[in-house]
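Engineer: This structure is in structure tokens; I'll ask about it shortly.
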Amino acid sequence: MAVVHNHGSDEWIGVRKALGLSGQFERTAHEGLVVLVLHLAKVLRYLWVVTWRELQHSFLEARNRFAAEEARAHWRRWVEFHAQRSAGIIALDGNLPAADHVLERWNRDAEELRTSKPIQYILGFEYFDGLRIQVSPAVLIPRPETEELVQLAAERAPRGGIVLDLGTGSGCIPLALTKRRPDLHARGLDVSSAALDVASRNAAELELNVEWMLGDLNGDAPDGLKADVVLSNPPYVGANEQLEPEVADFEPALALFAPAEDILFFYRRVLDWADQVGANQLGLECHSAHAQATAERAQSQGWTTELLRDQFGAPRWVWGTKPEPKPYL
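Going by numbering that gives the first Met the number 0, the sequence shown opens with residue 0, and the numbers climb by one from there.
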């Protein structure tokens, strides 16, 4: 049986009513408005594009607490890490839009970049002796001069020997030494469990085997702890010494400052520990103003010392040796 529907001229069969003239006008106007808004969005997006050059300008402006050349070095490190391209190539593309993921990173980092916070803490790492070492405000940022201490130890440590780094922080010294000399058994000791967490993460990331120990130089070495070589870059900054804000305000005081009344305190403790663990080699990084006094203190405890200078001619490292104990017959 057929069913016939009668519809007026203004209806759609089985669907809905057709629009009258006013409705058609409203629909056309609405569609036109949508098209206009979309077009304006495209125009505004074009107008709001941030180029690499503009991003660099904003970055350098944020780092204006630093000298211009240092701020530019920070820019190179930051942009190369996040863009995974060389800063030189990015400079050639200066008028092109910056990558979206780099702009997102800028939005996250901008507040910290406007402070004196070290770029290493913002990025979360520093390169040391060819290794990428994770860092946080729980640890001192590794310095290039400390690589010389690693080199000395790599050249002089006995084959298969045990090396103990006192005040290890990020673990950069025993990690770099293990990379250079896989035959060595390296240990790193620190009073800070937060620092040892960073050191452990570094060892895992670098796939290097180092033993980490929680310990306090104010006390004696644990019974049974032995080492052939003791290394240390202990706190040696005087309480009244002026430091740059990026150091004084952000790096851990625990790793920086020696007691005001006894600037050699930690060196004396390291020397005592070296005797207690039976070491016959000793490598110390020193404040240039106190390196000679440190060497003399070591000599007073039976060490034959060598004072080594850095590239600027300043005394920087003390290397000590003692005769190996003769075995009983």
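Each residue gets a CB set at the ideal place from its N, CA and C atoms; glycine is no exception. Since we're looking at a predicted model, the values are computed, not measured.
#1: Quick check on the DSSP output: the beta strand (DSSP E) that includes Arg186 runs from which residue to which?
#2: For Gln133, write down the residues that DSSP places opposite it in a beta bridge.
#3: Run through DSSP, which three-state label would Leu242 get?
#4: Quick check: Pro136 and Phe249, are their CB atoms within less than 8 Å of each other?
#5: Give the straight-line distance between the Cα atoms of Arg44 and Asp108, rounded to the nearest whole angstrom.
#6: So, with DSSP's three-state summary, where would you put Arg87?
#7: Under 8 Å, do Asp164 and Glu146 count as touching if we go by C-beta distance?
#8: Glu243 to Asn63, Cα distance in whole Å?
#9: For Pro314, which of helix, strand or coil comes out of DSSP?
#10: So Val162 is in the beta strand (DSSP E); what residue range does that whole segment cover?
#11: So, helix, strand or coil for Trp51, using DSSP?
#12: Are the beta-carbon atoms of Leu174 and Ser192 separated by less than 8 Å?
#13: So, using beta-carbon positions, are Gly168 and Val209 closer together than 8 Å?
#14: Give me the Cα-Cα distance between Ala297 and Leu253, rounded to the nearest whole angstrom.
#15: With 16 as the cutoff for other CB atoms within 10 Å, does Val269 come out buried or exposed?
#16: Applying the criterion that 16 or more other CB atoms from any shown protein chain within 10 Å of the CB defines a buried residue, is Phe311 buried or exposed?
#17: Where in the segment 176-233 do unbroken runs of the alpha helix (DSSP H), each at least 4 residues long, occur, reported from the N-terminal end onward?
#18: Along the chain, where does the alpha helix (DSSP H) that runs through Glu68 open and close?
#19: Count the other CB atoms, across all protein chains shown, that sit within 10 Å of the CB of Ala90; report buried if there are 16 or more and exposed otherwise.
#20: Around the C-beta of Asp189, are 16 or more other C-beta atoms found within 10 angstroms, so that it is buried, or is it exposed?
#21: Measuring alpha carbon to alpha carbon, tell me which of Val78, Asp271, Ala82, Leu255 ends up nearest Leu216.
#22: Who are the near neighbours of Ala86 in its chain, counting only those whose CB is closer than 8 Å to its CB and skipping five residues on each side?
#23: Round the Cβ separation of Ile161 and Lys225 to the nearest angstrom and send it over; I've been treating them as touching at under 8 Å.
#24: Tell me the rounded alpha-carbon separation between Gly237 and Lys178.
Structural biologist: For this structure:
#1: Where Arg186 is concerned, the enclosing beta strand (DSSP E) starts and stops at 184-189.
#2: Phe124
#3: coil
#4: A contact, by the Cβ cut-off of 8 Å.
#5: Unreliable placement is indicated for Arg44, whose pLDDT of 48 sits below 50; the coordinate value is still reported in the next sentence. Approximately 23 Å between the Cα atoms of the pair.
#6: Reading off the sequence, residue 87 comes out as Gly, not Arg. Gly87: helix per DSSP, three-state reduction.
#7: no
#8: Using only the alpha carbons, I get a separation of about 14 Å.
#9: strand
#10: 161-165
#11: helix
#12: Using a Cβ distance threshold of 8 Å, Leu174 and Ser192 do not count as a contacting pair.
#13: no
#14: 23 Å
#15: Counting Cβ neighbours within 10 Å, Val269 comes out buried, since at least 16 surround it.
#16: exposed
#17: 192-205
#18: 67-82
#19: exposed
#20: Buried: at least 16 other Cβ atoms inside 10 Å.
#21: Asp271
#22: Trp74, Arg75, Val78, Glu79
#23: At roughly 6 Å, the Cβ-Cβ gap stays under 8 Å, so Ile161 and Lys225 are in contact.
#24: 33 Å
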